[in-house]
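Numbering (the UniProt record's numbering), first residue to last: 1 to 101.
Each residue gets a CB set at the ideal place from its N, CA and C atoms; glycine is no exception.
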């Protein structure tokens, strides 16, 4: 059960997760909080969206994912042999002249 890759809601849901993950990486590792602040701003998002973003932020900062400083680049949702598959590209968030400390 679930959304099919062709369903526009699948793209919307994945994009929300992707955007939040990247915003947390930029806030926690690069020091840019503007992306995350915008997602959490109740004047720019619905209350349900803010709750979703807060939940995703908590998950990203959990012990399992807290040290992962990669941002998500390109991604694709496909149906392969009846199974939904997600492919995602991991990218370095740091400017070329800066590395993780």
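In the DSSP assignment, find the unbroken beta strand (DSSP E) run with residue 74 in it and report its ends. 71 to 80
Counterpart residues of residue 103 in DSSP-defined beta bridges: Because the chain is modelled from 1 through 101, residue 103 falls outside the range shown and cannot be assessed.
Within its chain, find whatever has a CB closer than 6 Å to the CB of residue 42; leave out the 5 residues flanking it on each side and keep chain order. 50
Cβ contact check for the stretch 88 to 98 and the stretch 52 to 66: 3 or more pairs under 8 Å: no
Same chain, Cβ closer than 7 Å to residue 71, neighbours up to 5 away in sequence not counted: 22, 25, 91, 93
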